[in-house]
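What follows is a single structure, written as structure tokens, with notes after it.
Numbering (the numbering used here), first residue to last: 5 to 277.
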């Protein structure tokens, strides 16, 4: 048996980028179901409180706007995003089953779009895509008409929200996100401006089951946690752009160019070129 002195478990493990989780839907489902089951079992054995990093994707393509925690969602259970959406919904169900049946203390954070430095540059989500494309002078790819809306929070705001939730007495789900809503087209134009890029905006076919609106109702977090985002969008984007620019410069200056190895000759033979 494994023993450890631990009183809090932050269960953050899961692919979160649509290209990544759609590439391997079975692994995504296993991570969010079996992985959560394992963490709940650990929390039960050591008497720890567990915080589940859930997602705004549990609301699917919402018919209620903005989305509050009482909304049950509008999810396609067999669509391309279902492995993540339904995986997180099942993970939430597991948490509350363990709370009711086994007495495990749980906290559930429904996390909305988050960005910041140290994002993987090829993450595949809209923030990293737009920044990378703008810095490299490539077209910014907008899927559909660009009228879809999202609300973006800076990573330090999210971390503060997670810590506040873990240390609170709130056991029901809590939205953590920035209620400042923008269309994807507005967001592309803002990143172009901040980067100083001459990139064009290219419109491509709309992705299947892409939510049309996404905006958190954070009244619960404000009331019960005393939490709300404090980092302005442009300030956060400038920090992310600075990080991406430095990463690109580092890669350009540290490319490994393999040198050809000399051909090996067998002993006693002459090599002809």
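Every residue, glycine too, gets a C-beta built ideally from N, C-alpha and C.
Contact under 8 Å by Cβ, residue i with residue j
{"i": "residue 331", "j": "residue 248", "result": "This structure gives no information on residue 331, because the portion of the chain shown stretches from 5 to 277."}
{"i": "residue 113", "j": "residue 165", "result": "yes"}
{"i": "residue 52", "j": "residue 134", "result": "no"}
{"i": "residue 188", "j": "residue 241", "result": "no"}
{"i": "residue 181", "j": "residue 157", "result": "yes"}
{"i": "residue 215", "j": "residue 152", "result": "yes"}
{"i": "residue 121", "j": "residue 244", "result": "yes"}
{"i": "residue 178", "j": "residue 224", "result": "yes"}
{"i": "residue 66", "j": "residue 217", "result": "yes"}
{"i": "residue 17", "j": "residue 35", "result": "yes"}
{"i": "residue 143", "j": "residue 222", "result": "no"}
{"i": "residue 109", "j": "residue 89", "result": "no"}
Nearest candidate by alpha-carbon position, reference residue i, set the options
{"i": "residue 117", "options": "186, 49 and 106", "result": "186"}
{"i": "residue 22", "options": "128, 231, 242 and 256", "result": "128"}
{"i": "residue 172", "options": "202, 231, 207 and 40", "result": "231"}
{"i": "residue 46", "options": "70, 74, 28 and 11", "result": "11"}
{"i": "residue 3", "options": "13, 9 and 235", "result": "Nothing about residue 3 can be reported from this structure: the residues present for the chain run from 5 to 277 only."}
{"i": "residue 281", "options": "91, 59 and 20", "result": "Outside the shown range of the chain (5 to 277) lies residue 281, about which nothing can therefore be said."}
{"i": "residue 235", "options": "155, 145 and 146", "result": "155"}
Contact test: residue i Cβ vs the ligand MN heavy atom, cutoff 7 Å
{"i": "residue 198", "result": "With respect to small molecules bound, the structure shown includes none, and the ligand MN cannot be examined in it."}
Buried versus exposed, by CB contacts within 10 Å (16 or more), residue i
{"i": "residue 76", "result": "exposed"}
{"i": "residue 96", "result": "buried"}
{"i": "residue 82", "result": "exposed"}
{"i": "residue 212", "result": "exposed"}
{"i": "residue 15", "result": "buried"}
{"i": "residue 85", "result": "buried"}
{"i": "residue 201", "result": "buried"}
{"i": "residue 233", "result": "buried"}
{"i": "residue 49", "result": "exposed"}
{"i": "residue 9", "result": "exposed"}
{"i": "residue 137", "result": "buried"}
{"i": "residue 19", "result": "buried"}
{"i": "residue 227", "result": "exposed"}
{"i": "residue 27", "result": "exposed"}
{"i": "residue 276", "result": "For residue 276, the predicted model reports a pLDDT of 48, less than 50, meaning its position is unreliable and no value from the coordinates is stated."}
Strand pairing of residue i, partner residues [DSSP]
{"i": "residue 64", "result": "78"}
{"i": "residue 15", "result": "56"}
{"i": "residue 186", "result": "154"}
{"i": "residue 207", "result": "146"}
{"i": "residue 180", "result": "115"}
{"i": "residue 220", "result": "71"}
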